[in-house]
Structure formats: C-alpha cells, structure tokens
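Data first, discussion second: the structure below is written as structure tokens.
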Amino acid sequence: MDLRTVAGRITALRFDGQNRLQGIALDNDKVLLFPPHVGEQLREKLVVGATVQATALKRNLQAGEIRADSTQRLQTETLTIDGVKFVVR
5 MDLRTVAGRI TALRFDGQNR LQGIALDNDK VLLFPPHVGE QLREKLVVGA
55 TVQATALKRN LQAGEIRADS TQRLQTETLT IDGVKFVVR
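Quick note: the sequence shown uses this note's numbering, first residue 5, plus one each step.
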C-alpha cells in the first residue's frame, strides 16, 4: 500500500450518479475519494476554496478502467479540515 500525505485547496466537489458527495478535487491535480456517507457528514465543511490535508492511499485502476488524464485519484484515510482531523471509513 502506498500511503501519501497531501494538502491543497478544494477546487471542485465530485458527486456520484445519485448526487452524493464522494470526493473533492484539489488544486494540485489530486482527487480525494471517500464513501458517500462521509461526504454527507462533512458536506458543510467541504466547500470550494477550503484548504484540507489528508492521508490517502493511491487508487489503482480496476480491470477495464483507463485513465483519461494525469489526475491522481486517492482513497482518503484521514481528512483534516480547519485543524480538525476526521478518520474516513
């Protein structure tokens, strides 16, 4: 497993097909992914322009997937917003 520490400013929110928040795009070409229930719980804190820090695992492509760009997609383990650390499960 490749655990990384990343930080950046939120540039966009990522939603699934059911309009549930499942990730955030950062200003450093990284996307932090998390389960939709986590997105629901942190929705008010995850706003475009906010600065976050995270520990995350590099997400490997699944069978049949291809990458259309150079953006790194990371599975979030912990997320720190305004100095408060949240464990993502």
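Heads up, the beta-carbon is just placed ideally off N, CA and C, and yes, glycines get one too. Remember, it's a predicted structure, so these values are computed and weren't measured experimentally.
Beta strand (DSSP E) segment containing residue i, residue limits
i   : result
Q45 : That residue, Q45, is in no beta strand (DSSP E); its alpha helix (DSSP H) goes 40 to 46.
T84 : 76 to 85
Q26 : 25 to 30
V51 : Neither: V51 is in no beta strand (DSSP E) and is coded neither H nor E.
Nearest-angstrom Cβ-Cβ length linking residue i and residue j, presumed shorter than 8 Å
i   : j   : result
F90 : L46 : 7 Å
Given residue i as reference, the closest of the options once Cα atoms are compared
i   : options            : result
V56 : R63, A72, K34      : K34
L7  : A54, R63, V88, G21 : R63
T80 : V92, G87, A72, V88 : V92
Contact set for residue i: own chain, Cβ-Cβ below 8 Å, skip 5 residues either direction
i   : result
S74 : D33
L78 : R8, V10, K34, V35, L36, L37, A58, A60, L61, K62, R63
Q22 : P40
I85 : L46, K49, L50, A54, V56
Same chain, Cβ closer than 6 Å to residue i, neighbours up to 5 away in sequence not counted
i   : result
R13 : D31, T55
Residue i burial status per 10 Å Cβ neighbour count (16 or more: buried)
i   : result
I70 : exposed
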